[in-house]
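Protein chains: 4
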Amino acid sequence: MKKALVIGVGPLNGLGGQLCKKIAQNNFEVFVAGRTIKSLNIVVENIRQDGNKAKPIVVDTTDENQIKNMIKEIGSGLDFAVYNVGNNTPGKIIDMEPSYFRQSWESGCFGGFLFAKEVIKVFLKENTAGTLLFTGASASLRGKSNFGAFNSSKGALRNLAQAIAKEYAENSIHVGHVIVDGGLAGDRLKHRVSDFDERVKDGKLIDIESVTDAYMFLYNQNKNAWTFELDIRTSKENW
Amino acid sequence: MKKALVIGVGPLNGLGGQLCKKIAQNNFEVFVAGRTIKSLNIVVENIRQDGNKAKPIVVDTTDENQIKNMIKEIGSGLDFAVYNVGNNTPGKIIDMEPSYFRQSWESGCFGGFLFAKEVIKVFLKENTAGTLLFTGASASLRGKSNFGAFNSSKGALRNLAQAIAKEYAENSIHVGHVIVDGGLAGDRLKHRVSDFDERVKDGKLIDIESVTDAYMFLYNQNKNAWTFELDIRTSKENW
Amino acid sequence: MKKALVIGVGPLNGLGGQLCKKIAQNNFEVFVAGRTIKSLNIVVENIRQDGNKAKPIVVDTTDENQIKNMIKEIGSGLDFAVYNVGNNTPGKIIDMEPSYFRQSWESGCFGGFLFAKEVIKVFLKENTAGTLLFTGASASLRGKSNFGAFNSSKGALRNLAQAIAKEYAENSIHVGHVIVDGGLAGDRLKHRVSDFDERVKDGKLIDIESVTDAYMFLYNQNKNAWTFELDIRTSKENW
Amino acid sequence: MKKALVIGVGPLNGLGGQLCKKIAQNNFEVFVAGRTIKSLNIVVENIRQDGNKAKPIVVDTTDENQIKNMIKEIGSGLDFAVYNVGNNTPGKIIDMEPSYFRQSWESGCFGGFLFAKEVIKVFLKENTAGTLLFTGASASLRGKSNFGAFNSSKGALRNLAQAIAKEYAENSIHVGHVIVDGGLAGDRLKHRVSDFDERVKDGKLIDIESVTDAYMFLYNQNKNAWTFELDIRTSKENW
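Residue numbers (the numbering used here), protein chains in the order written: chain A, 534 to 772; chain B, 534 to 772; chain C, 534 to 772; chain D, 534 to 772.
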């Protein structure tokens, strides 16, 4: 059984949680990595109730040693890895603490570098021809007022992902970047916006399971027909 | 049984031909449209041997009346349409006949407009929430020496496709654009390049069936998670 | 005295007219080309009142022979050429006559091809190291609802311009593309929008003379530091 | 006399040094900021020999307090600021120390945030309608094998710059981003590549003075016709 690793897992009904569930359904042992063991356990438990395999790993994605230990813990057989870290970090530049701007990059991009480096090393060592996917956003492609920190870290991650894609294509490693353009119909927004149910009803929030299908679609591509990037949005999104 | 229409079908072992075959396998009656009845018949015959349904339609994609007649002939039930017309048209600007430049646009973009207009009208009339996909290329995104005509017509088609995507999203019509970045391992190149077999062996040509999977993936997306654009290339492509 | 040619000249207080005036002030004999002799004469007369040199040429930019005759009429010494043709062509795809869509491309892109071809041929024959600039728009870069025709023709022109830029760089010919993002504070809008004066007062319309400065800036670049593209918008533009 | 500040100044015959010289010639008192007092003094001395005004400031661009002190030292009257920090940082991801990747971002992007924040605050406080420009590269727009760190930090800076441009346009602050696409004919490369003279002779290196003209061009634009971005390359560049 092949192994998969998803980092940046929060609530079960979020992109990270549902990615784990979907990947496990596709016959992987899934390593469910994130900061909060309680959340991870809920995801792992749910996957096991499906009759599938999962293990939680508590990790700070911006800590090299923790990333290295995580990879060691997983052992051989890793074939699919997803970097799903990096929440929106709104705010105006003149009001923003440098530590806030830095933190946005640390989790949004630097952790992606640490993760990618160790994942690629395993793929190369085991000659795996594995798949490494990154979660992007419309912010990956441009800057916008009030979102300088998020735009910057997402732009950093995208260019990094594209460089890695080109750098390890010769090793049959597939690297992809999914542009999630809009809010997700998951627990994060549910607890943050008062009109969540209305937005879902109006089709204004992205269906998470469909997004996980896109990740599986990318994973399943063979190396004679790889996609680096695709965008996902609802029919109601103004773009 | 839903109906699908693919325009720009040449040899069986080409993107158009294989799209028809793949779509038919997904339980559509497929209308196989192109310029040469002989080629269309081979595709149709092959699909029928699979036990699936197909009909040929000879059509000049740059002729409004022929497009309208084709749509009439198909009748109700159209749910999936692909504009796959437009070959590469190399040449330097100073050496290029205006008629050649024009023809590149006529088939590469104008036909796409005529096609999209009639397809969208049917989708709207029948309230179908259908899918309309366009075949693009790396040429869609930038200009390059010796490819001014092709770059121009592909850029024209891409902006058109994006405008249509935004214009009819509110009608639940999904419009997508597939960036095929590189040569296809099909009959067109087979008859044009002497080192075809070597290129296939070296993994330098795009696997056509995988491309058709991408079209089906786009078709199957629900309107809470639509992709407008994805790129496809081999691991050997220099991009 | 070097010669310059601006095609797509309408009212004196428009981008074409002011480009002619500005270029003439920079010590060129300017050929003022457009469809309406009356408009051209007003521009030419104004330039002559400045003490500078200008000649009108009535031309249909989509007619190869007229383009060729224009180039012949200008004779030797052409060093600067601007393609400034192509008005906005709004409208929904399903309501649009094919002839309207076609006309948008004919003037927006095909004329640009005819023009570029003849201009480049003169530059090459005279070994001029000339400059060829195109007027673009935000529409050059993406599609938008209700602007499919304009987006498409502008996207076609941009990819063409980029291909030409790369194709003739080795001949020291500088090709540029100016993205005019927003309405111009000129006579076209003045006669079309009722709140023109208010928009000017609010700084919402682009200052035309500043745009002409950008064209001169591009012209004056030497071949060790060429710009292909720059964007121009007001501080009030929402982008 | 207005004040200008250029940060990221190295050798006199480099982009930073020549920017200071050119800006000083345009009637500014120029603050010449960088890490090495010896280099700064050479630039300052040269500007003074021109009969113009300049002062050196030693500063680590990644240190908030030093940036704040620098801004204090300059006092009132700042109208033009340039962030010119961030050298190329080549290397493959799997061989790269995390500290190296981080450092690339610290100087390439984080310093730009600290700088922009303090500069914008001064512009707002003094109601200056100032100009803030960033030096970009082709790396700003995409990822490329062996340049993951540099691509990532430049992409981060570009999205940040675009966000700032939109965020403070309403305050009449002009923000721009110059894409320098290729090597510069300056002292950095002179000391690093053995065929420098040949490359200069062949026109393969960008003329620095022309680049400084572009920065002045951007500075001089009025708010009814601002450019956010322009690219600069030689006629020999393959793009």
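We put the CB at the ideal spot given by N, CA and C, even for glycine. Keep in mind that this is a model prediction, so the values were computed, not measured.
Whole angstroms is fine: what's the gap from C/E603's alpha carbon to D/I580's?
-> Note that residue 603 of chain C is Met in the sequence shown, not Glu. Distance between the alpha carbons of C/M603 and D/I580: 50 Å.
Along chain B, in chain order, which residues have C-beta atoms closer than 8 Å to that of A/G736?
-> Near A/G736 (Cβ distances below 8 Å), the residues of chain B are K756, N757.
Which chain C residues are close to B/L763, counting only those with a beta carbon under 9 Å from its beta carbon?
-> The premise fails here: B/L763 is roughly 16 Å from chain C at the closest Cβ pair, so nothing lies under 9 Å.
Taking only the alpha-carbon atoms, compute the straight-line gap between B/L674 and B/K769 and give it to the nearest angstrom.
-> Approximately 20 Å between the Cα atoms of the pair.
According to a CB-to-CB cut-off of less than 8 Å, which residues of the stretch 601–629 of chain B neighbour chain C?
-> Taking 8 Å as the Cβ-Cβ cut-off, the stretch 601–629 of chain B approaches chain C at K625, I626, I627, M629, given in chain order.
Would you say A/K658 faces chain D, with C-beta separation under 8 Å as the test?
-> With 8 Å as the cut-off, A/K658 does not count as an interface residue toward chain D.
Compare the C-beta of D/A537 against all C-beta atoms of chain C and say whether one is closer than 8 Å.
-> Not one chain C Cβ lies under 8 Å of D/A537.
Count the other CB atoms within 10 Å of the CB of B/K658; is the residue buried (16 or more) or exposed (fewer)?
-> Per the 10 Å Cβ criterion, exposed.
Terminal residues of the beta strand (DSSP E) in which D/P631 lies = For D/P631, no beta strand (DSSP E) segment is defined; the enclosing uninterrupted segment is the alpha helix (DSSP H) at 631–638.
In the DSSP assignment, what are the bridge partners of C/Y752?
-> BP columns for C/Y752 are empty, so no partner.
To which residues of the same chain is B/A662 closer than 6 Å at the C-beta, ignoring the five residues directly before and after it?
-> Residues S705 of the same chain have their beta carbon placed closer than 6 Å to that of B/A662, with the five preceding and five following residues left out of the count.
How many Å lie between A/K737 and A/G716 at the Cα?
-> Inter-residue distance for A/K737 and A/G716 is about 8 Å (C-alpha atoms, whole angstroms).
With which residues is C/G624 paired in a DSSP beta bridge?
-> BP columns for C/G624 point to C/F680.
Would you kindly work out how many angstroms separate the C-alpha atoms of D/V652 and A/D628, rounded to a whole number?
-> Cα to Cα, the separation comes out at about 13 Å.
Rounded Cβ spacing between C/K536 and C/F561 (contact assumed at less than 8 Å) = Yes, C/K536 and C/F561 are in contact; Cβ-Cβ is about 6 Å, under 8 Å.
Could you check if C/T569 is buried or exposed, using at least 16 other CB atoms within 10 Å of its CB as the buried criterion?
-> Result: exposed.
Inter-residue Cα distance where the pair is B/D612 and A/N620 | For B/D612 and A/N620, the distance between alpha carbons rounds to 37 Å.
What separation, rounded to the nearest whole angstrom, lies between the Cα atoms of B/F773 and B/V576?
-> Nothing in the structure corresponds to residue 773 of chain B, since chain B is present only between 534 and 772.
Determine the contact status of A/G669 and A/L647, defining contact as a CB-CB distance below 8 Å.
-> The answer is no: Cβ separation not under 8 Å.
Endpoints, the alpha helix (DSSP H) within which A/K847 is located = No answer is possible for residue 847 of chain A: it lies beyond the span of chain A, which begins at 534 and ends at 772.
Could you tell me which chain D residues have their CB closer than 7 Å to the CB of A/S686, listed as they occur along the chain?
-> Result: A689.
Can you tell me whether DSSP reads C/R675 as helix, strand or coil?
-> C/R675 sits in coil when the DSSP states are folded into three classes, being neither helix nor strand.
Checking contacts by CB at 8 Å: is B/W772 closer than that to chain C?
-> By this cut-off, B/W772 is not an interface position.
Reduced DSSP category for C/V563 - H, G, I as helix; E, B as strand; rest coil = The answer is strand: DSSP assigns C/V563 an E or B state.
A/F680: contacting residues in chain D (beta-carbon distance under 7 Å) | What A/F680 touches in chain D: A696.
Own chain, CB closer than 6 Å to B/T622, minus 5 neighbours either side, in chain order | Correct list, in chain order: S637, A682, F683.
Candidates C/V744, C/V708, C/I540: which alpha carbon is nearest C/A566's?
-> Here the closest residue by C-alpha is C/I540.
Looking at C-alpha atoms only, which residue of D/N755, D/L666, D/E606 is the closest neighbour of D/G709?
-> Per the Cα distances, D/L666.
Measure from the C-beta of B/K699 to each C-beta in chain A and report whether the shortest distance is under 8 Å.
-> True, the Cβ-Cβ gap to chain A drops below 8 Å.
For chain A, find out if any of its Cβ atoms is closer than 8 Å to the Cβ of B/T664; answer yes or no.
-> Chain A places no beta carbon closer than 8 Å to that of B/T664, leaving this residue out of the contacts.
Name the residue from A/N660, A/L538, A/G549 whose alpha carbon lies nearest to the alpha carbon of A/R721.
-> Cα-wise, what sits closest to A/R721 is A/G549.
Any C-beta of chain D under 8 Å from that of C/D740 | Yes, its Cβ sits closer than 8 Å to a Cβ of chain D.
Using a threshold of 8 Å, state whether the C-beta atoms of B/E762 and B/I697 are closer than that.
-> Result no, Cβ atoms of B/E762 and B/I697 do not sit closer than 8 Å.
Buried or exposed: B/V726, going by 16 or more other Cβ atoms within 10 Å of its Cβ?
-> It is exposed - the Cβ of B/V726 has fewer than 16 other Cβ atoms within 10 Å.
Output, in chain order, the set of chain G residues within a Cβ distance shorter than 8 Å of A/C642.
-> Considering every chain present, this structure includes no chain G. Its protein chains are A, B, C and D.
In chain A, what lies closer than 9 Å to B/S673 by C-beta?
-> Neighbours of B/S673 across chain A, judged by C-beta separation under 9 Å, do not exist; the nearest C-beta is about 14 Å away.
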